[in-house]
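At position 152 of the sequence shown the residue is numbered 151 (numbering that gives the first Met the number 0), and the sequence of numbers has no breaks. Just so it is clear, CB atoms sit at the ideal spot from N, CA and C, and this is done for glycine as well. See below for the structure under consideration.
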Amino acid sequence: MHCRSVTSLSYLLPRRYHSLAKTCRPGSPYGNSSENLESQLDPSRSISAEQMMRSLFEGYNPVFKPHRLGYEVEALLILGPSQRMCYYEGKLFGGYTAFLLDRILADCCKPPHWVTQKTCEPAFTAYLKTTYLLPISPTAPMFLRAWPHKVEGRKIELRGSVQVSGVTSDQWVDAVQAEALFIKPKI
C-alpha cells in the first residue's frame, strides 16, 4: 500500500465490517493487496465507535450564545496530528470539515443545559449543503460557527461556517459555508 500512516483508526462499520482509516499521499491508489486487507480485518485492532468519535472531535469545546431563534454555537479548534486528514498535501479533507460542520450544526439544535445534563430532544440532519471557498491548512486554527436561520415546528434551518485566519491575526474569513435542515422527530 502506498500510504503514509499519520493515524490508523480501525473502526467497525455497519454489518460488522472492519475498515482502517489512514491519511494518504495525493495520487496514491486506493486498492489494497490481500495481505494488507487481512491485517485491516483483524477485530482485535478495532476501537469502539465512542473512542473513534472522541478522537475525531478532540479539542472541540462548543460555546453556546443566546440567539433570537435559539442558540448560536462557536468553537475554536486546532487539529491534533491524528485529525489532520488531507487528500491533497497541505489541504484539509473537505469531508472532514463537513463532518465538523454537521456536529456544530447539530449542537446548535440543543439547549446549553445539554452539556451538563446530557439529555435533550434530538434533531437529525435532513440535508447539509457545503460551499468550499478557500483551502484549509490542516495546522491552521479553525473557528466554527453555527446559528439558526429559521424555525418552523419540527424543522430547523441553520447556517454555519468554518473560518480561518485572514490577512490580520484578529480577522477571520469564511473558508467553508454551510446551509442545513435539521428535523426533530415526532413524539
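Is T96 buried or exposed, if buried means 16 or more other CB atoms sit within 10 Å of its CB? buried
Assigned secondary structure, G58 (DSSP; H/G/I helix, E/B strand, else coil): coil
For G93 and C107, I'd like the C-alpha separation in whole angstroms. 21 Å
What's the gap between the Cα of E71 and the Cα of M84? 27 Å
Give the single residue among I186, K90, I77 and E88 whose Cα lies nearest to the Cα of G152. I186
Straight-line CA distance for P65 to R144? 13 Å
Cβ neighbours of F142 in the same chain (closer than 6 Å, five flanking residues each side left out): L75, Q162 and W171
Using the C-alpha atoms, what's the distance from E49 back to V175? 27 Å
Comparing alpha-carbon positions, which option in Y126, E88, S164 and L133 lies nearest A139? S164
Just to confirm the assignment, what range does the beta strand (DSSP E) spanning F92 have? Segment: none, F92 is in no beta strand (DSSP E) and carries neither H nor E.
Taking the Cβ atom as the reference point for each residue, do I155 and F181 lie within a distance shorter than 8 Å? yes
I believe A177 touches L100 by the beta-carbon criterion, under 8 Å. Please report the beta-carbon distance rounded to the nearest angstrom. 5 Å
Rounded to a whole number of angstroms, what is the C-alpha to C-alpha distance between H148 and L78? 28 Å
Return the Cβ separation of V150 and G58 in integer angstroms, given the expectation that the two are a contact with Cβ distance under 8 Å. Contact flag wrong, Cβ pair sits at about 30 Å.
Rounded to whole angstroms, what is the Cα-Cα separation between N60 and V166? 26 Å
According to DSSP, simplified to helix, strand and coil, what is D208? For residue 208 there is no data in the structure shown, the boundaries of the chain being 0 and 186.
Bridge partners of T129, per DSSP? A177
Alpha-carbon spacing of S160 relative to I46, whole angstroms: 30 Å
Terminal residues of the continuous beta strand (DSSP E) containing A145? M141 to E151
To which residues of the same chain is Y126 closer than 7 Å at the C-beta, ignoring the five residues directly before and after it? A179 and L180
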